[in-house]
Amino acid sequence: MGQNHPLKDKSKFYDLFRHNIYALKPYSPDDAFRMLKHLNEVAGNPLSDTQLNQIHWLAGGHARLLKIIFNIWVQEGKSGIMIEHFKDKPDVQQECQRILRNLHEDEQEVALLAARRLHVAEHPAILDHLERRGVLVRSDPVTWFSPLMGQFLRTYDKEAT
């Protein structure tokens, strides 16, 4: 208990089911708002409910993005929805990159194609899978769980990483 178990390398049982593991979807709007209310209370209530709703919209209910954006918003005293401001923040970039890298290679490729609106009709099963995992809200038209994630994918340069 409390020890790291490298299942990926040492467990035959893990090999049997690892391709069927789905990531947790983003929080529901109610759960995300409760999490943001809690963060806000702990921080001394610096943000209004309107600002918390804007944070939820930017993060799309993704737990880590919610916390990152909340912290940046409080630290910088921002107001209003600013995709352009948040999209270039290192913590936001790192989290979006982590989300992308945790997708299967085929899912990564289709996500990048979808973000650029290229040849996605050829991959209906993968698009469906991305929807079931919560990365896409819907595939037609392509709608990402977070506008920040969508922006990240549209500008992502695989060769630069």
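Residue numbers for the sequence shown, in my numbering: 89 to 249. Quick reminder that beta carbons are idealized off the backbone N, C-alpha and C, glycines included. Small disclaimer: the values here were computed from a predicted structure and weren't measured.
E197 and L218 have their alpha carbons spaced roughly 11 Å apart. Contact between the region 121-133 and the region 150-160 is present: 3 or more CB-CB pairs across the two stretches fall below 8 Å. A residue is called buried once 16 or more other Cβ atoms fall within 10 Å of its Cβ, and S234 is buried on that count.
Judged by pairs of C-beta atoms under 8 Å, the region 143-153 does not touch the region 204-216, as fewer than three such pairs exist. The shortest CA-to-CA distance from Q185 to any of F240, F174, D216, A202 is the one to F240. Each of R220, L124, G222, A147 was checked against the Cα of V180, and the nearest Cα belongs to A147. Burial of M237 is indicated by the presence of at least 16 other C-beta atoms within 10 angstroms of its C-beta. If you draw a straight line from the Cα of R226 to the Cα of W232, it is about 7 Å long. Just so you know, the alpha carbons of Q142 and E193 end up roughly 32 Å apart.
In this structure, H144 sits away from L127, with a CB-CB distance that is not shorter than 9 Å. Around the C-beta of G149, 16 or more other C-beta atoms lie within 10 Å, and the residue is accordingly described as buried. If you draw a straight line from the Cα of D216 to the Cα of A120, it comes to about 24 Å. Under the DSSP definition of a beta bridge, V230 partners with S227. In the three-state reduction of the DSSP assignment, L140 falls in the helix class. For R242, the CB contacts under 8 Å within the same chain, skipping 5 residues up- and downstream, are A203, R204 in chain order. Counting only runs of 4 or more residues that sit fully inside the region 183-223, the alpha helix (DSSP H) segments are 193-203, 212-221, in chain order.
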